[in-house]
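Notes follow the structure.
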Amino acid sequence: MRTAIRIGLLALAAAFAASAYAQEATDAMVKRVSQDVLQTINSDPKIQAGDQARIREVMEVKLAPNFDFERMTALAMGRNWREATPEQQKRLTSEFKTLLVRTYSGALTQYRDQTIDYKPLRADPNAADVLVRTEVIRQGQPPVQIDYGMEKKDNAWKAYDVVVGGVSLVTNYRDEFTEQVRAGGIDGLIKTLAAKNGGGAK
Amino acid sequence: MKLRSLFARWWAIGVGMALLAGCATTGPTSPADPFEPWNRAMYDVHQVVDGKIVKPVAQAYVDYAPKPIQQTIRNFFGNIDDVFSAITSLMSGKLDRAGNDMGRVIVNTLFGIGGMIDVASDGGIPKGDWDFGLAFGTWGFQQGPYLFVPLIGPTTVRDGSGLAVRFYLGPVGYVPDVPARNVLYGIDALDTRAEALSTESVIDQAALDRYTFIRRAYLQRRQYLLYEGKPPADKEEP
Numbered sequence: 000m001r002t003a004i005r006i007g008l009l010a011l012a013a014a015f016a017a018s019a020y021a022q023e024a025t026d027a028m029v030k031r032v033s034q035d036v037l038q039t040i041n042s043d044p045k046i047q048a049g050d051q052a053r054i055r056e057v058m059e060v061k062l063a064p065n066f067d068f069e070r071m072t073a074l075a076m077g078r079n080w081r082e083a084t085p086e087q088q089k090r091l092t093s094e095f096k097t098l099l100v101r102t103y104s105g106a107l108t109q110y111r112d113q114t115i116d117y118k119p120l121r122a123d124p125n126a127a128d129v130l131v132r133t134e135v136i137r138q139g140q141p142p143v144q145i146d147y148g149m150e151k152k153d154n155a156w157k158a159y160d161v162v163v164g165g166v167s168l169v170t171n172y173r174d175e176f177t178e179q180v181r182a183g184g185i186d187g188l189i190k191t192l193a194a195k196n197g198g199g200a201k
Numbered sequence: 000m001k002l003r004s005l006f007a008r009w010w011a012i013g014v015g016m017a018l019l020a021g022c023a024t025t026g027p028t029s030p031a032d033p034f035e036p037w038n039r040a041m042y043d044v045h046q047v048v049d050g051k052i053v054k055p056v057a058q059a060y061v062d063y064a065p066k067p068i069q070q071t072i073r074n075f076f077g078n079i080d081d082v083f084s085a086i087t088s089l090m091s092g093k094l095d096r097a098g099n100d101m102g103r104v105i106v107n108t109l110f111g112i113g114g115m116i117d118v119a120s121d122g123g124i125p126k127g128d129w130d131f132g133l134a135f136g137t138w139g140f141q142q143g144p145y146l147f148v149p150l151i152g153p154t155t156v157r158d159g160s161g162l163a164v165r166f167y168l169g170p171v172g173y174v175p176d177v178p179a180r181n182v183l184y185g186i187d188a189l190d191t192r193a194e195a196l197s198t199e200s201v202i203d204q205a206a207l208d209r210y211t212f213i214r215r216a217y218l219q220r221r222q223y224l225l226y227e228g229k230p231p232a233d234k235e236e237p
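These protein sequence lines map, in sequence, to chains A and B. So the first sequence is residues 0 to 201, counted in numbering that gives the first Met the number 0. So the second sequence is residues 0 to 237, counted in numbering that gives the first Met the number 0.
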């Protein structure tokens, strides 16, 4: 009996510790991940020499696991998402992921010499959806806000949107996706995305 | 003066033709862009002129002009922008912003050699970014139709009107010596274009259709600025 209580208490303590870690995690996580990525960008000799493939590799390993690409694709697709078959959804997500990782690495390298200010998180401790705010300080120009929309999914925080200076990387695609779907259907959009990704690699 | 009246006339022609083009359209993809066919044509004109002349010059400027000179030029024109940021903040009743921007102007003009050094930023007074278009926005004016204007880029009826007011008020237009004035206009334009180069490379990487991407980004950005970082929720959420 005593052992059972002890185990129960231990489990409770562990749960508390885990949740406390999760609270602290969102803003700290954004900071840790982006600093890690920026540090790699600034110290990797291949990247310093302008090796785009290496930048993407770093992004793929360090950044991509922290994003919920399926949610991002669904947001960008709007109402067309539900029209897509599971197979189409899978392909859309995979192509969009490639495009986003490339775009984001391009955007991040623009700011690599600047100071990033990580704002303290102001959110309900039990919230499952938070906005982490950061700010890039630039000399002689207004600062640029980079905000991360994050959601808790299966007990892990994942970003589903990156908002640069008020421009959401995800919703910015909505008009384009709608246009493509209207012109060539969902398969047409998949084809366009694949062509864009293939074209960017050369 | 000549350049300014030319701008005004050309602006009027542009808006007039955009309205005409709008009448002929059917089924625009975005309700914010009723003149899309006209705008796309203007976008194509812009691509040619910009790609053949303006962009290469701006790129050469960024690549070859000494960085301190580029920074000095940016600071100088930025100081003038700060004056207008202060005035338009005041017009919007945003006293904190107006005070911040006026403080910048005073500090940079007095201690930064007439605005050539951005002492204020180093001292922790961040640069403001208010303008006439935003001031009109706080007075309740809606954006109105989206417009793409060659050499100027994305704008709307409201923001474009704000830009016209800003352009009309100068102060470069008050420089009495005509060649000196034109040089100043040229440098200002070059600096503005150069500043956009880095954003542009991201857009090139990101966009499936640059026209649509730029439109959406522009409208999102302006909405975000107007609501000072807290725009009302997007109604199109699925």
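From the three backbone atoms N, C-alpha and C, an ideal C-beta is built for every residue, glycine too. Keep in mind that this is a model prediction, so the values were computed, not measured.
Starting from the beta carbon of residue i, find every residue of chain A whose beta carbon is closer than 8 Å, and list them in chain order.
{"i": "V201(B)", "result": "T102, G105, A106 and Q109"}
{"i": "D128(B)", "result": "P141"}
Which chain B residues sit within Cβ distance under 7 Å of residue i?
{"i": "N171(A)", "result": "F212, R215, A216 and Q219"}
{"i": "D26(A)", "result": "By Cβ distance, chain B contributes nothing, its closest Cβ being about 17 Å from D26(A), past 7 Å."}
{"i": "K195(A)", "result": "L207"}
Using a cut-off of 9 Å between C-beta atoms, extract the partners of residue i located in chain A.
{"i": "D100(B)", "result": "Residues of chain A passing the Cβ test: none, with the nearest at roughly 11 Å."}
{"i": "G228(B)", "result": "R132, Q144, D146 and G165"}
{"i": "P36(B)", "result": "Under the 9 Å cutoff, chain A gives no residues; its nearest Cβ is about 14 Å from P36(B)."}
{"i": "P231(B)", "result": "In chain order: nothing, as chain A lies at least about 13 Å away."}
Can you list, in chain order, the residues of its chain whose CB lies under 7 Å from that of residue i, leaving out five sequence neighbours each side?
{"i": "S42(A)", "result": "none"}
{"i": "V171(B)", "result": "R180, L183, Y184 and D187"}
{"i": "G26(B)", "result": "In this prediction, G26(B) scores a pLDDT of 47, lower than 50, which makes its location untrustworthy; no coordinate-derived value is stated."}
{"i": "D116(A)", "result": "T133, E134 and I136"}
{"i": "L120(A)", "result": "T25, D26, V129 and V131"}
{"i": "G199(A)", "result": "Residue placement at G199(A) cannot be trusted, given a pLDDT of 45 that sits under 50; what the coordinates show is reported in the next sentence. For G199(A), where only same-chain residues beyond five positions count, the Cβ hits under 7 Å are R101."}
Is the beta carbon of residue i sitting closer than 9 Å to the one on residue j?
{"i": "D158(B)", "j": "D130(B)", "result": "yes"}
{"i": "R173(A)", "j": "G49(A)", "result": "no"}
{"i": "A193(B)", "j": "A57(B)", "result": "yes"}
{"i": "G132(B)", "j": "F75(B)", "result": "no"}
{"i": "R214(B)", "j": "P153(B)", "result": "yes"}
{"i": "S91(B)", "j": "G127(B)", "result": "no"}
{"i": "G164(A)", "j": "S200(B)", "result": "no"}
{"i": "L107(A)", "j": "S33(A)", "result": "yes"}
{"i": "E212(B)", "j": "N196(A)", "result": "Note on residue identity: the sequence assigns Phe, not Glu, to residue 212(B). Not in contact: F212(B) and N196(A) (Cβ atoms no closer than 9 Å)."}
{"i": "I136(A)", "j": "T114(A)", "result": "yes"}
{"i": "V100(A)", "j": "E134(A)", "result": "no"}
{"i": "V129(A)", "j": "T25(A)", "result": "yes"}
{"i": "F147(B)", "j": "Y210(B)", "result": "yes"}
{"i": "H45(B)", "j": "L150(B)", "result": "yes"}
{"i": "Y147(A)", "j": "V29(A)", "result": "yes"}
{"i": "L225(B)", "j": "T137(B)", "result": "yes"}
{"i": "G169(B)", "j": "F135(B)", "result": "no"}
{"i": "V169(A)", "j": "L74(A)", "result": "yes"}
{"i": "L109(B)", "j": "A97(B)", "result": "no"}
{"i": "E69(A)", "j": "Q88(A)", "result": "yes"}
{"i": "D121(B)", "j": "Q179(A)", "result": "no"}
{"i": "A59(B)", "j": "Y145(B)", "result": "no"}
{"i": "Q144(A)", "j": "G111(B)", "result": "no"}
{"i": "F127(A)", "j": "E150(A)", "result": "In the sequence under discussion, the amino acid at residue 127(A) is Ala, which differs from the Phe named in the question. Their beta carbons are under 9 Å apart, which means A127(A) touches E150(A) by this criterion."}
{"i": "E175(A)", "j": "A206(B)", "result": "yes"}
Just to confirm my understanding: we take residue i, look at its own chain, exclude 5 residues before and 5 after, and list those with CB closer than 6 Å. What are they?
{"i": "G102(B)", "result": "I124"}
{"i": "G21(B)", "result": "Bear in mind that a pLDDT of 47 at G21(B), under 50, signals an unreliable position, so the model cannot answer this."}
{"i": "Q219(B)", "result": "none"}
{"i": "T24(B)", "result": "Residue placement at T24(B) is flagged as unreliable, the pLDDT there being 42, under the threshold of 50; the coordinate-derived value follows with that caveat. Contacts found: P36."}
{"i": "G184(A)", "result": "none"}
{"i": "T72(A)", "result": "L91, T92 and F95"}
{"i": "A119(B)", "result": "R103, V106 and N107"}
{"i": "R53(A)", "result": "K45 and I46"}
{"i": "Q70(B)", "result": "none"}
Name, please, each residue of chain B whose Cβ falls closer than 8 Å to the Cβ of residue i.
{"i": "E175(A)", "result": "A206, L207, D208, T211, F212 and R215"}
{"i": "T97(A)", "result": "By Cβ distance, chain B contributes nothing, its closest Cβ being about 11 Å from T97(A), past 8 Å."}
{"i": "K89(A)", "result": "Result: empty, since nearest Cβ-Cβ is about 18 Å, beyond 8 Å."}
{"i": "T191(A)", "result": "L207"}
Could you tell me how far apart the beta carbons of residue i and residue j are, in whole angstroms, since I believe they sit closer than 8 Å?
{"i": "L192(A)", "j": "F95(A)", "result": "6 Å"}
{"i": "N78(B)", "j": "N107(B)", "result": "5 Å"}
{"i": "V156(B)", "j": "G143(B)", "result": "3 Å"}
{"i": "V61(B)", "j": "L196(B)", "result": "6 Å"}
Along chain B, in chain order, which residues have C-beta atoms closer than 9 Å to that of residue i?
{"i": "V166(A)", "result": "R215, A216, Y217, Q219, R220 and Y223"}
Which residues in chain A have a C-beta closer than 7 Å to the C-beta of residue i? List them in chain order.
{"i": "S197(B)", "result": "Q109"}
{"i": "P175(B)", "result": "Result: empty, since nearest Cβ-Cβ is about 28 Å, beyond 7 Å."}
{"i": "P153(B)", "result": "Within chain A, no residue comes near P153(B); the closest Cβ sits about 12 Å away, beyond 7 Å."}
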